[in-house]
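Colleague:
Residue numbers (the working numbering): 10 to 389.
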């Protein structure tokens, strides 16, 4: 019998989780998937999915960030939105026909867990964040630990670091597996190196915790008098337009606005990465995975990552990349200078990046997900 999973998301806006799920649903696989998500407000991560995916646009578009004002009012709005989402999921024809429900995000996992109880469907939760107050907030952490995780039939985590934050709260019968998110990886036979560094960059949505401010300051420290450029690929999603304005003002204040480019959202991530000579991951709190890190490595780019979270499961310092002290602009600047000044080091790290164990295509990742979901259904 062909597997019939239903993937459930709280938003259609372009975020890392949504783009990863889109890649998975677009990859060839032996299943009949469906997607239940709200209608798109502006940008639509799920536009253009293949006709083999049944898409149901239902439920309210969840607020991306808590509005300022009364915490009580904010909590009431959240609860009302969750209730409406729950009703929409339970009424879904695809859900009623499904074998398993898959919550694509932490927020959608709350009402998906309850929907699983009502419909008697096993629920798999995709853990893409570190489930702790510092990462997702105290309320979300409490909801996952008390309601979602104890009732989950399966957990897919994007890294060992993410899985470690939820393991103590799972039931003994819950199946778990670490599967990296589909990142659009394309294997290369050899690195393509330029003789000198002309562009340093970060591929990530514009968000304070992604560390664009840190990278901008480190860039100025590393290359105060230089023609090297800094490029930020990524849009100001989920209400971070004020932060983008701050970054533009900071670049002007630091005197490098003519060497800093804010390229916005890019559909062709591979092409964006090809334009860079040094690629950076510099989140200011532990990154659960960082799809950009996998994309950098697969593109055979000299890569710099912070020394915490999921990225250090993939990057070994001075072997297939460089590692800097998290939140330390001077440490990051030192790594960038070192790479810019040493062509041999860049070449050695780029060659090693291609051989990083575990780098998988979207089709391979999707096959692993299908196998795991089948195990969950068989065990239910």
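Even glycine gets a Cβ: it sits at the ideal position worked out from N, Cα and C.
1) Between which two residues does the alpha helix (DSSP H) containing residue 41 stretch?
2) Which two residues bound the contiguous beta strand (DSSP E) that contains residue 102?
3) For residue 127, which residues from the same chain have a beta carbon less than 7 Å from its beta carbon, with the 5 sequence-adjacent residues on both sides left out?
4) Any idea if residue 130 is buried or exposed, counting beta-carbon neighbours within 10 angstroms, 16 or more meaning buried?
5) Kindly confirm or deny that the region 249-257 and the region 306-325 touch, where touching means at least three C-beta pairs closer than 8 Å.
6) Quick one: which unbroken beta strand (DSSP E) runs of 3-plus residues sit fully inside the region 156-231? Chain order, please.
7) What residue from 232, 107, 383 has the CA that sits closest to residue 341's CA?
8) Quick check on residue 276: buried or exposed, where buried means 16 or more other Cβ atoms within 10 Å of its Cβ?
9) Whose C-beta lies closer than 6 Å to the C-beta of residue 49 among residues of the same chain, with five residues either side of it excluded?
10) Do residue 173 and residue 294 count as a contact pair if the criterion is CB distance below 9 Å?
11) Considering only the beta carbon of each residue, do residue 330 and residue 285 sit closer than 9 Å?
12) Can you tell me the Cβ-Cβ gap for residue 45 and residue 385, rounded? I've got them flagged as a contact below 8 Å.
13) Looking at C-alpha atoms only, which residue of 68, 278, 35, 203 is the closest neighbour of residue 195?
14) Which of helix, strand or coil does DSSP assign to residue 392?
15) Any chance you could list the beta strand (DSSP E) runs of at least 3 consecutive residues sitting entirely within the region 279-364, in chain order?
16) How is residue 77 classed by DSSP in three states: helix, strand or coil?
17) If we ignore side chains and look at the alpha-carbon of each, how far apart do residue 256 and residue 209 end up?
18) For residue 260 and residue 216, what's the separation of their Cα atoms in angstroms?
19) With a CB to CB cut of under 6 Å and the five nearest residues on each side skipped, what residues in its chain are close to residue 375?
20) By how many angstroms is the C-alpha of residue 263 removed from the C-alpha of residue 335?
21) Identify which residue in 222, 237, 56 has its Cα closest to the Cα of residue 253.
22) Taking only runs that begin and end inside the region 228-276, name each unbroken beta strand (DSSP E) of 3 or more residues, in chain order.
23) Could you tell me the alpha carbon to alpha carbon distance between residue 41 and residue 29, rounded to whole angstroms?
24) Going by beta carbon distance, what residues of the same chain come within less than 6 Å of residue 309, once the five residues before and after it are set aside?
25) Give me the Cβ distance between residue 112 and residue 319, rounded to the nearest whole Å; I'm assuming they're in contact under 8 Å.
26) Among all the DSSP beta bridges, which residues are the ones paired with residue 16?
Modeller: Let me lay it out:
1) By one-based count along the chain shown, residue 41 stands at place 32. Looking at the DSSP string, residue 41 is not in any alpha helix (DSSP H), and its letter there is neither H nor E.
2) In the chain shown, counting from the first residue as 1, residue 102 sits at position 93. Looking at the DSSP string, residue 102 is not in any beta strand (DSSP E); the run it does join, the alpha helix (DSSP H), is 102-106.
3) Numbered from 1 along the chain shown, position 118 holds the residue referred to as residue 127. Answer for residue 127: 99, listed in chain order.
4) Here residue 130 refers to the residue found at position 121 of the chain shown. With 16 or more other CB atoms across the displayed protein chains lying within 10 angstroms of its CB, residue 130 is buried.
5) no
6) 163-166, 184-187, 208-212
7) Mapped onto the chain shown, residue 341 falls at position 332. Ranking 232, 107, 383 by Cα distance to residue 341 puts 232 first.
8) Counted from its first residue, the chain shown places residue 276 at position 267. Residue 276 should be labelled exposed.
9) Position 40 of the chain shown, counted from the first residue, corresponds to residue 49. Counting only Cβ-Cβ distances below 6 Å, and skipping sequence neighbours, we find 21.
10) Sequence index remark: in the chain shown, residue 294 carries index 285 (1-based). Sequence index remark: in the chain shown, residue 173 carries index 164 (1-based). Not closer than 9 Å, so no.
11) Stepping through the chain shown from its first residue, residue 330 is reached at position 321. Stepping through the chain shown from its first residue, residue 285 is reached at position 276. No, Cβ-Cβ distance for residue 330 and residue 285 is not below 9 Å.
12) As a first step, residue 45 must be located in the chain shown, where it is residue number 36. As a first step, residue 385 must be located in the chain shown, where it is residue number 376. With 8 Å as the limit, residue 45 and residue 385 do not qualify as a contact, their Cβ atoms being about 18 Å apart.
13) For the purposes of this step, residue 195 is taken as residue 186 along the chain shown, with counting starting at 1. Of 68, 278, 35, 203, the residue nearest in Cα terms is 278.
14) Absent from the model: residue 392. The displayed extent of the chain is 10 to 389, so no value can be given.
15) 287-289, 312-315, 331-333
16) For the purposes of this step, residue 77 is taken as residue 68 along the chain shown, with counting starting at 1. Model confidence at residue 77 stands at a pLDDT of 45, short of 50, so the residue's coordinates are unreliable; what they give is reported in the following sentence. Coil, per DSSP.
17) Looking up residue 256 in the chain shown gives position 247. Looking up residue 209 in the chain shown gives position 200. The straight-line gap from Cα to Cα measures roughly 16 Å.
18) Along the chain shown, read from residue 1 onward, the residue named residue 260 stands at position 251. Along the chain shown, read from residue 1 onward, the residue named residue 216 stands at position 207. So the two alpha carbons sit approximately 16 Å from each other.
19) To locate residue 375, count along the chain shown from 1; it is residue 366. Answer for residue 375: 33, 36, 38, listed in chain order.
20) Within the chain shown, residue 335 is the residue found at index 326, counting from 1. Within the chain shown, residue 263 is the residue found at index 254, counting from 1. In a straight line, the C-alpha of residue 335 is about 22 Å away from that of residue 263.
21) Translated into the one-based positions of the chain shown, residue 253 becomes position 244. Minimum Cα distance to residue 253 is reached at 222.
22) Listed in chain order, they are 238-242, 269-273.
23) Taking the first residue of the chain shown as 1, we reach residue 41 at position 32. Taking the first residue of the chain shown as 1, we reach residue 29 at position 20. Whole-angstrom Cα-Cα distance: 18 Å.
24) Indexing the chain shown from 1 puts residue 309 at position 300. In chain order, 197, 200, 359, 362, 363 place their CB closer than 6 Å to the CB of residue 309, counting only its own chain and leaving out the 5 sequence neighbours on each side.
25) Numbered from its first residue, the chain shown carries residue 112 at position 103. Numbered from its first residue, the chain shown carries residue 319 at position 310. 19 Å between Cβ atoms; not a contact.
26) Taking the first residue of the chain shown as position 1, residue 16 is located at position 7. The partner list for residue 16 (beta bridge, DSSP) reads 44, 111.
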